[in-house]
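**Student:** In this note's numbering, the protein residues as written are 455 to 632. Even for Gly, the Cβ is constructed at its ideal location relative to N, Cα and C. Sharing a structure here in structure tokens format.
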Ligand code: AMP
């Protein structure tokens with residue numbers, strides 16, 4: 455018998471708010487209690503991959519670092535490959551890179567040049583959508599490969615920051631909205 459389905463509300467209840475981390479004024483959404491609960495972790499992965507059957511996605515692209523956790527689990531479930539988007543300087547082989555603006559300064563993300571083939575069907579996953587800068591950069595990077603992003607999926611969306619507005623016309627799924 456499959457266990458009863460996990461609801462977004464149950465996941466939301468397990469997310470821990472940590473005020474003023476990593477700096478004053480930021481309320482950090484700590485997902486480790488979700489990961490530590492096997493039912494909630496499995497339920498979160500089920501909700502993130504809801505739209506797709508095994509075989510419908512070629513690669514699940516996960517964003518450094520908490521995105522890796524959900525993306526790797528989703529890749530196994532969907533019988534897809536897992537591809538990391540990492541901060542510049544971490545990947546050992548040749549990379550494609552994408553710069554993006556931060557509140558102060560800028561950052562660069564990277565993927566191995568052979569990570570995706572043209573036309574690959576991609577599900578993009580991160581733990582949280584805030585301003586959308588990170589996800590928009592990841593989308594631009596995946597687009598350099600000529601791959602096709604089917605959906606961008608996030609466990610958490612901070613709606614008041616309107617990150618969706620930066621994600622072009624892509625289908626966006628978020629499980630828990632604050
Ligand atoms: P953004 O580029 O503003 O959409 O930020 C998204 C990235 O920053 C994600 O990879 C998140 O893991 C992280 N992030 C941003 N804000 C928070 C927050 N309040 N709590 C936890 N992670 C956050």
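Name the DSSP beta bridge partners of residue 483, please?
**Tutor:** 471
**Student:** Would DSSP call residue 620 helix, strand or coil?
**Tutor:** helix
**Student:** I need the straight-line Cα distance from residue 603 to residue 597, nearest angstrom please.
**Tutor:** 8 Å
**Student:** According to DSSP, is residue 614 helix, strand or coil?
**Tutor:** helix
**Student:** Would you check if there are 3 or more beta carbon pairs closer than 8 Å linking the stretch 484-491 to the stretch 557-577?
**Tutor:** no
**Student:** Excluding sequence positions up to five away, which residues of its chain have a Cβ less than 8 Å from the Cβ of residue 593?
**Tutor:** 578, 603, 606, 621, 622, 624
**Student:** At a cut-off of 7 Å, is residue 505 close to the ligand AMP when judged by its beta-carbon and the heavy atoms of the ligand?
**Tutor:** Flag unset: Cβ of residue 505 not near the ligand AMP.
**Student:** Given the structure, does residue 531 come close to the ligand AMP, in the sense that its CB is under 7 Å from one of the ligand's heavy atoms?
**Tutor:** Checking the Cβ of residue 531 against the ligand AMP gives no.
**Student:** Assign residue 628 to buried or exposed, taking buried as 16 or more other Cβ atoms, counted over all protein chains shown, within 10 Å of its Cβ.
**Tutor:** Buried, by the Cβ-count rule.
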